[in-house]
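Each remark here refers to the structure printed beneath this line.
There are 4 protein chains.
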Amino acid sequence: MGLPVPLSGVVPPLCTPLTPSGEVDTRSLGSLVEHVLAAGAHAVFVLGSSGETAYLDDARRRTALRAAVDAVAGRVPVLAGVVDMTTARVLDHARAAAALGADALVATAPFYTATHPVEVRDHFRRIRAGAGLPLIAYDIPSSVPTRLDAGILLPLAEDGTLAGLKDSSGDLGGLRRLLVALRRRGLDASFAVLTGSELAVDGALLAGAHGVVPGLGNVDPAGYVRLYEHARAGRWAEAAAEQDRLAALFALTGTGDLAGMSWSASALGGFKAALHLLGVIDCPATAAPQHPLPGAAVDAVRHHLAEAGLL
Amino acid sequence: MGLPVPLSGVVPPLCTPLTPSGEVDTRSLGSLVEHVLAAGAHAVFVLGSSGETAYLDDARRRTALRAAVDAVAGRVPVLAGVVDMTTARVLDHARAAAALGADALVATAPFYTATHPVEVRDHFRRIRAGAGLPLIAYDIPSSVPTRLDAGILLPLAEDGTLAGLKDSSGDLGGLRRLLVALRRRGLDASFAVLTGSELAVDGALLAGAHGVVPGLGNVDPAGYVRLYEHARAGRWAEAAAEQDRLAALFALTGTGDLAGMSWSASALGGFKAALHLLGVIDCPATAAPQHPLPGAAVDAVRHHLAEAGLL
Amino acid sequence: MGLPVPLSGVVPPLCTPLTPSGEVDTRSLGSLVEHVLAAGAHAVFVLGSSGETAYLDDARRRTALRAAVDAVAGRVPVLAGVVDMTTARVLDHARAAAALGADALVATAPFYTATHPVEVRDHFRRIRAGAGLPLIAYDIPSSVPTRLDAGILLPLAEDGTLAGLKDSSGDLGGLRRLLVALRRRGLDASFAVLTGSELAVDGALLAGAHGVVPGLGNVDPAGYVRLYEHARAGRWAEAAAEQDRLAALFALTGTGDLAGMSWSASALGGFKAALHLLGVIDCPATAAPQHPLPGAAVDAVRHHLAEAGLL
Amino acid sequence: MGLPVPLSGVVPPLCTPLTPSGEVDTRSLGSLVEHVLAAGAHAVFVLGSSGETAYLDDARRRTALRAAVDAVAGRVPVLAGVVDMTTARVLDHARAAAALGADALVATAPFYTATHPVEVRDHFRRIRAGAGLPLIAYDIPSSVPTRLDAGILLPLAEDGTLAGLKDSSGDLGGLRRLLVALRRRGLDASFAVLTGSELAVDGALLAGAHGVVPGLGNVDPAGYVRLYEHARAGRWAEAAAEQDRLAALFALTGTGDLAGMSWSASALGGFKAALHLLGVIDCPATAAPQHPLPGAAVDAVRHHLAEAGLL
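Chains as they are written, first to last, in the numbering used here: chain A, 97 to 407; chain B, 97 to 407; chain C, 97 to 407; chain D, 97 to 407.
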């Protein structure tokens with residue numbers, strides 16, 4: 097269906113439901129797609145960090161993307177993560193995603209290896225040219241230390257390489273400077289700035305961001321759509337109140353901490369436990385080697401859902 | 097004059113004007129105090145990062161604090177930075193600041209050495225008990241890697257050790273979670289959350305922060321006061337527009353990059369060059385071993401001031 | 097041919113020669129194999145960091161491994177890097193490497209995502225079980241922040257999951273503590289500690305390390321074999337002198353710094369320029385998006401080779 | 097007594113014994129001086145990280161330095177740490193140390209604030225000029241992120257600003273490159289390279305380092321002197337065996353980990369518990385806010401001492 101220019105609104109980075117044996121549960125993924133589209137999501141992002149992309153082999157990545165494209169069936173754009181270490185590997189994923197019907201790609205700077213701004217720009221240009229789909233840069237310093245600052249992004253916004261940025265840096269000041277610079281150059285109508293900071297969405301929208309890619313939007317997409325609509329209508333106090341409610345709900349990502357799990361297992365396990373408790377997905381398993389949430393943590397997730405009015 | 101509970105509003109972290117030979121220029125510091133108070137600042141913060149506290153020996157620190165207390169003359173509260181490696185050293189600064197008339201202290205977690213949350217809490221409790229002044233914790237991960245998260249802060253808010261937080265982490269999501277947790281415990285009326293993220297003030301205030309400690313507020317305190325007043329009155333679009341203007345002005349901190357200077361020399365040199373061009377201070381020198389801004393950078397600062405309507 | 101227990105000696109992490117169009121140059125890779133085997137290398141490591149594994153798509157990775165296995169033809173063991181983000185992805189590479197005739201695998205801890213020691217141990221156990229080949233853990237904090245310390249490694253040495261460690265951490269003190277702990281448990285005859293610190297090989301061997309995986313060993317494998325033989329024979333002064341010569345030669349990795357390249361492009365470009373100047377490989381190209389070394393840098397590489405007596 | 101050129105040998109970074117109430121225990125410090133001098137230490141370093149310099153206010157720092165100078169009484173050189181955030185503050189300590197009779201100073205690059213190589217060099221030049229004592233640079237990236245690489249150090253070695261380096265980076269490869277570069281310039285007879293990597297001393301000496309500053313040398317100075325003498329005499333196998341014994345003893349720094357202490361409290365607490373058990377100091381207390389080692393940890397320290405033949 098193509099990508100709106102600029103892309104805007106709520107774009108949940110979909111979890112990838114798994115079966116108990118670790119296969120992609122395409123039925124549950126379809127159910128999750130309905131869950132977020134029924135809430136009014138404006139697009140979906142498959143194979144991001146919330147989608148456990150780091151844990152999925154190529155076959156599972158492709159199964160997940162195919163299932164999401166099928167389930168969405170053209171109702172909203174499908175963004176596909178093409179996360180890999182550097183250009184040639186990303187291009188393999190990009191071509192596969194294009195063949196499977198993705199509407200746009202989301203790629204990080206090179207990682208695992210050292211890189212340089214000149215190389216980073218070249219990397220994005222090669223991906224854009226090689227795959228023929230709109231490309232969104234993904235700034236996620238917790239995974240990829242190389243930051244995508246205005247010095248890297250503006251030339252790529254100007255020459256059309258990039259259609260936008262998913263900013264998971266948490267650095268709202270940097271996002272502000274980028275937005276001011278884009279407006280000055282008349283690029284804010286063609287380059288979308290999407291925040292991944294799910295607890296600062298009201299502030300990011302107030303600063304002019306076009307949309308949000310909230311992991312927690314798997315669990316409560318309607319909350320994020322309300323927040324977005326409040327912001328669009330200038331109802332900032334209501335937007336902030338909705339964000340406060342979602343910030344409290346976010347506690348469901350931290351229930352596994354005491355058990356000595358990774359942050360990933362705790363947070364993604366929390367999302368999936370919530371989706372399981374809500375009846376959206378069949379099995380709350382996360383991919384190996386992440387361990388499952390212990391029962392007490394699942395109880396805490398249930399408590400947070402109830403407190404947020406979702407159960 | 098004591099500290100309002102909770103402290104709120106615009107609290108510029110004052111630059112420390114120096115003479116060409118590197119002494120504290122108390123006349124210019126007095127002039128800077130008038131500059132920010134005339135604009136409506138609600139308090140001042142002496143000996144923070146913008147005040148080059150890392151560069152000032154004990155004698156200069158005390159000269160600067162005394163001059164600021166004298167110039168303020170009880171019109172607003174004076175917060176004093178007591179930045180040092182660990183407890184005993186901080187306590188020396190704290191007692192000196194109390195004797196010089198500071199109304200509150202601002203201290204970081206221990207640095208240079210490894211520490212642990214149990215020790216960090218003990219550190220703040222000892223400082224609070226030893227100095228007898230309200231204490232604000234200073235989270236500045238660019239200088240002090242140990243983060244002050246809700247797990248460290250909430251017990252100290254509850255037992256009255258801390259009167260607030262200056263959050264220079266840039267992490268607006270974490271600030272949101274802290275604010276939600278404080279409100280839940282009924283602590284938001286006694287514990288002040290002040291953001292040091294000078295380009296995300298509108299978002300921080302929308303999230304419920306009590307105030308802002310903006311380095312750029314040395315240069316344009318009136319802008320920050322307008323931004324704060326817009327936010328207090330619920331004029332969020334106007335607040336965001338003012339923040340946009342200030343974000344553009346912030347470019348004056350980056351003029352020295354090309355010359356191979358440290359970020360500190362460039363940013364603090366930019367603030368001081370601006371204050372010198374505005375006629376507030378007599379000499380734009382920063383403390384050794386920082387090098388002065390080159391002439392072309394000063395020209396760029398002048399350009400940014402003009403563009404922001406300040407010259 | 098199987099892996100000696102414990103693996104020991106000089107194991108060059110082979111560069112992956114490329115054609116001007118970026119394909120794997122299998123002829124040059126064969127020539128590089130002869131270059132290092134003629135010098136007395138005890139094994140080869142394909143698809144490590146020096147092999148630009150981060151830059152090679154799956155097809156190129158497999159081409160390179162197949163070519164190396166063919167060229168080595170059973171004369172020494174072939175270790176294959178199976179570098180990817182987490183378990184399922186690594187397992188895909190591991191099965192491919194087994195099918196292509198690798199004698200052992202080299203894998204890192206999970207990266208891109210957060211992880212936990214319990215997960216890291218589970219990760220290695222799954223790879224060991226799934227691929228049926230001896231497994232060597234790869235500690236390379238510049239690429240994978242999760243450190244592989246004794247607490248993670250010792251249980252995996254004890255239960256036979258791991259056949260050894262490639263330690264590219266540069267932390268010789270940690271290596272010493274690991275070696276002491278292995279000897280105490282009687283594991284030093286079954287678990288091989290190989291240092292990747294190519295400028296501290298004499299010290300690592302003196303501490304009891306079993307061997308070395310030196311990137312610079314692509315260029316001067318004979319130097320590393322001499323160093324190893326001196327150490328084995330207790331000729332420590334001669335070993336140190338050889339290491340000093342190699343440390344001077346290592347300057348060929350830094351010739352690109354001035355041109356604003358990444359460390360990777362400069363270092364790997366330096367290795368490849370040297371191999372090209374020595375007549376070992378046909379083309380000095382590194383993989384995109386790395387840029388080629390400029391001419392002046394190639395001249396500097398030539399100078400360093402001459403100074404080291406290699407040209 | 098002046099500083100030998102180049103300084104060489106074993107230079108224990110003395111712990112600062114404290115009384116139960118947190119004052120400097122000058123009697124115990126004198127006893128510690130005798131403990132290390134009786135073992136053959138070639139110099140002592142007061143107010144380093146092992147001396148808890150970050151925890152001592154100015155008065156306690158000066159008390160400790162005075163006591164050490166008095167106890168040493170000219171038998172060996174006394175190096176004084178002058179650790180503070182930047183130049184002016186370091187100069188205050190430097191002048192005090194000179195007045196108290198230190199023979200040389202040890203200073204880090206600026207910390208807490210951002211800095212730049214040009215500023216770092218200027219910083220050391222100002223300290224050298226201002227204090228009139230030989231100056232040793234202190235590279236300790238765990239405390240001061242700015243690395244002191246060859247690009248910073250060589251000009252300062254050449255112009256006589258620096259008399260040496262204390263390298264606590266753990267990066268033996270970098271130390272090797274520096275030593276090779278110093279020899280090439282004929283500077284290795286005037287610039288001393290001292291390793292702080294107490295578990296890789298044999299390797300550092302084999303690489304040509306002049307000496308060692310081992311925290312563990314408080315506990316077992318005789319072991320380090322034996323190690324050094326073996327190395328000087330070319331008895332490398334004996335040096336390595338001694339280093340192995342000391343690496344096992346180093347486990348006494350990690351006994352507090354389980355109790356949730358900081359690394360600092362555990363390691364320095366371990367040194368002090370050992371010195372107390374050995375009868376060298378009267379009280380094992382570390383400075384606040386560090387917590388004391390629990391009893392089980394002290395038992396573990398006793399066990400490690402016994403195993404190393406020291407009890």
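A virtual CB, placed ideally from N, CA and C, is assigned to each residue, including glycine.
Should Asp235 (chain A) and Arg243 (chain A) be called a contact, given that it needs their Cβ atoms to be closer than 8 Å?
For the purposes of this step, residue 235 (chain A) is taken as residue 139 along the first sequence, with counting starting at 1. For the purposes of this step, residue 243 (chain A) is taken as residue 147 along the first sequence, with counting starting at 1. Closer than 8 Å, so yes.
Locate the beta strand (DSSP E) running through Thr291 (chain C), then write down its first and last residues.
Position 195 of the third sequence, counted from the start, is the residue given in the question as residue 291 (chain C). Its beta strand (DSSP E) spans residues Ala288 to Thr291.
Can you name, in chain order, every residue of its own chain whose Cβ lies under 8 Å from the Cβ of Arg222 (chain C), other than the five neighbours on each side?
By 1-based counting over the third sequence, the position of residue 222 (chain C) is 126. Closer than 8 Å at Cβ, skipping near neighbours: Thr183 and Leu187.
If we call anything under 8 Å between Cβ atoms a contact, is Val321 (chain A) one with Val106 (chain A)?
The sequence position of residue 321 (chain A) within the first sequence is 225, counting from 1. The sequence position of residue 106 (chain A) within the first sequence is 10, counting from 1. Contact: yes.
Are Val315 (chain C) and Pro109 (chain C) touching if we call contact CB-CB under 8 Å?
Taking the third sequence and counting its residues from 1, the one referred to as residue 315 (chain C) is at position 219. Taking the third sequence and counting its residues from 1, the one referred to as residue 109 (chain C) is at position 13. No. Outside cutoff.
Let me check understanding here. Comparing Cα to Cα, which of A:Leu268, A:Gly313 and A:Leu295 lies closest to Gly304 (chain A)?
As a position in the first sequence, residue 304 (chain A) is number 208, starting the count at 1. Checked all of A:Leu268, A:Gly313 and A:Leu295; the closest Cα to Gly304 (chain A) is A:Leu268.
Going by other Cβ atoms of all chains shown within 10 Å of its Cβ, with 16 needed for buried, is Ala155 (chain D) buried or exposed?
On the fourth sequence, residue 155 (chain D) is found 59 positions in, with the first residue counted as 1. Answer is exposed; the Cβ neighbour count stays below 16.
If you reduce the DSSP assignment to three classes, tell me which class Phe207 (chain A) lands in.
For the purposes of this step, residue 207 (chain A) is taken as residue 111 along the first sequence, with counting starting at 1. In this structure, Phe207 (chain A) counts as coil in the three-state DSSP scheme.
Pair every Cβ in the segment 170-178 of chain A with every Cβ in the segment 201-211 of chain C, then say whether three or more of these pairs are closer than 8 Å.
The answer is no - the segment 201-211 of chain C does not touch the segment 170-178 of chain A, with fewer than three Cβ pairs under 8 Å.
Are there 16 or more other CB atoms within 10 angstroms of the CB of Ser264 (chain D), so buried, or fewer, so exposed?
Along the fourth sequence, read from residue 1 onward, the residue named residue 264 (chain D) stands at position 168. The residue is buried, with at least 16 neighbouring Cβ atoms inside 10 Å.
Which residues of the segment 260-293 of chain A have a Cβ closer than 7 Å to any Cβ of chain B? Give them in chain order.
The residues in question are Gly266, Asp267, Leu268, Gly269, Arg272, Arg273, Val276 and Ser293.
Confirm, please, whether the CB-CB distance from Ile232 (chain A) to Leu261 (chain A) is below 8 Å.
Here residue 261 (chain A) is taken as the residue at index 165 of the first sequence, counted from 1. Here residue 232 (chain A) is taken as the residue at index 136 of the first sequence, counted from 1. Going by C-beta atoms, Leu261 (chain A) is nearer than 8 Å to Ile232 (chain A).
Hey, how far is the Cα of Leu111 (chain A) from the Cα of Leu252 (chain A)?
Reading the first sequence from its first residue, position 15 is the one you call residue 111 (chain A). Reading the first sequence from its first residue, position 156 is the one you call residue 252 (chain A). Note that residue 111 (chain A) is Cys in the sequence shown, not Leu. Approximately 29 Å, taken between the alpha carbons.
On the DSSP letters alone, give me the boundaries of the beta strand (DSSP E) that Leu231 (chain A) sits inside.
Sequence index remark: in the first sequence, residue 231 (chain A) carries index 135 (1-based). Counting along the chain, the beta strand (DSSP E) containing Leu231 (chain A) begins and ends at Leu231 to Asp235.
Suppose the cutoff is 7 Å on Cβ atoms and the five residues either side in sequence are ignored; what does the same chain contact list for Gly350 (chain D) look like?
On the fourth sequence, position 254 is the one that residue 350 (chain D) refers to. Excluding sequence neighbours, Gly350 (chain D) sits near Ser362.
Label Val276 (chain C) either buried or exposed according to how many other C-beta atoms from any shown protein chain fall within 10 Å of its C-beta, with 16 as the threshold for buried.
Mapped onto the third sequence, residue 276 (chain C) falls at position 180. When all chains shown are included, Val276 (chain C) counts as buried.
Scan the segment 351-383 of chain A for residues whose Cβ lies nearer than 8 Å to a Cβ of chain C and list them as they occur along the chain.
Going along the segment 351-383 of chain A in chain order, one finds Gly356, Met357, Ser358, Trp359, Ser360, Ala361 and Ala383 with a Cβ nearer than 8 Å to chain C.
Secondary structure at Gly177 (chain D), three-state DSSP: helix, strand or coil?
Sequence index remark: in the fourth sequence, residue 177 (chain D) carries index 81 (1-based). Gly177 (chain D) falls in the strand class under three-state DSSP.
Where Gly298 (chain C) and Gln339 (chain C) are concerned, what is the direct C-alpha to C-alpha distance, given to the nearest angstrom?
For the purposes of this step, residue 298 (chain C) is identified with residue 202 of the third sequence, where counting begins at 1. For the purposes of this step, residue 339 (chain C) is identified with residue 243 of the third sequence, where counting begins at 1. The question names Gly, but residue 298 (chain C) is Asp in the sequence shown. Using only the alpha carbons, I get a separation of about 7 Å.
Run through chain A and tell me which residues come within less than 7 Å of Ala333 (chain B), C-beta to C-beta.
Along the second sequence, one-based indexing puts residue 333 (chain B) at 237. In chain order: Gly330.
Spatial neighbours of Ser286 (chain B) within its chain, please: CB distance less than 7 Å, with the 5 preceding and 5 following residues excluded, ordered by chain position.
As a working mapping, residue 286 (chain B) is identified with position 190 in the second sequence. Excluding sequence neighbours, Ser286 (chain B) sits near Val101 and Pro102.
Would you kindly work out how many angstroms separate the C-alpha atoms of Val397 (chain C) and Leu258 (chain A), rounded to a whole number?
Here residue 397 (chain C) is taken as the residue at index 301 of the third sequence, counted from 1. Here residue 258 (chain A) is taken as the residue at index 162 of the first sequence, counted from 1. The straight-line gap from Cα to Cα measures roughly 37 Å.
Hey, how far is the Cα of Pro206 (chain A) from the Cα of Val165 (chain B)?
Mapped onto the first sequence, residue 206 (chain A) falls at position 110. Mapped onto the second sequence, residue 165 (chain B) falls at position 69. C-alpha separation (whole angstroms): 51 Å.
For the segment 200-225 of chain C, enumerate the residues whose C-beta is nearer than 8 Å to any C-beta of chain A, in chain order.
Residues passing the 8 Å Cβ filter: Pro206, Phe207, Tyr208, Thr209, Ala210, Thr211, His212, Val214, Glu215, Val216, Asp218, His219 and Arg222.
Any beta-carbon of chain A closer than 8 Å to the one on Gly307 (chain B)?
As a first step, residue 307 (chain B) must be located in the second sequence, where it is residue number 211. False, the Cβ-Cβ gap to chain A never drops below 8 Å.
So, is the C-beta of Ala337 (chain B) closer than 8 Å to a C-beta in chain A?
The residue labelled residue 337 (chain B) in the question sits at position 241 within the second sequence. Judged by the 8 Å Cβ criterion, Ala337 (chain B) is not in contact with chain A.
Under a CB-based cut-off of 8 Å, is Leu312 (chain A) close to chain C?
Indexing the first sequence from 1 puts residue 312 (chain A) at position 216. Cβ-Cβ to chain C under 8 Å: no for Leu312 (chain A).
Which of the three DSSP states, helix, strand or coil, is assigned to Pro251 (chain C)?
Looking up residue 251 (chain C) in the third sequence gives position 155. In the structure shown, Pro251 (chain C) sits in a helix (DSSP, three-state: H, G or I).
Closer than 8 Å, CB to CB, is Met97 (chain C) near chain A or not?
Walking along the third sequence from the start, residue 97 (chain C) turns up at place 1. No - not a single Cβ of chain A is within 8 Å of the one on Met97 (chain C).
Please confirm if Thr257 (chain B) has its CB atom under 8 Å from at least one CB of chain D.
In the second sequence, the residue the question calls residue 257 (chain B) occupies position 161. With 8 Å as the cut-off, Thr257 (chain B) does not count as an interface residue toward chain D.
Of all the CB atoms in chain A, is at least one closer than 8 Å to the CB of Ser65 (chain C)?
Nothing in the structure corresponds to residue 65 (chain C), since chain C is present only between 97 and 407.
How about Gly226 (chain B) and Ala190 (chain B): do their beta carbons lie closer than 8 Å?
Counted from its first residue, the second sequence places residue 226 (chain B) at position 130. Counted from its first residue, the second sequence places residue 190 (chain B) at position 94. Yes, the Cβ-Cβ distance between Gly226 (chain B) and Ala190 (chain B) is below 8 Å.
Kindly examine the ligand PLP and report whether one of its heavy atoms sits closer than 7 Å to the Cβ of Asp166 (chain C).
Absence of the ligand PLP is noted for the structure shown, with no ligands found whatsoever.
Is it buried or exposed, Asp395 (chain D), if we count other Cβ atoms within 10 angstroms and call 16 or more buried?
The sequence position of residue 395 (chain D) within the fourth sequence is 299, counting from 1. With fewer than 16 Cβ atoms within 10 Å of its Cβ, Asp395 (chain D) is classed as exposed.
If you measure from the beta carbon of Asp340 (chain A) to each beta carbon in chain B, is any gap under 8 Å?
Position 244 of the first sequence, counted from the start, is the residue given in the question as residue 340 (chain A). For Asp340 (chain A), the answer is yes, since a Cβ of chain B falls inside 8 Å of its Cβ.
Kindly list the residues whose CB is nearer than 6 Å to the CB of Val216 (chain A), restricted to its own chain and excluding five residues on each side of it in sequence; keep chain order.
The sequence position of residue 216 (chain A) within the first sequence is 120, counting from 1. Answer for Val216 (chain A): Ala205 and Ile248, listed in chain order.
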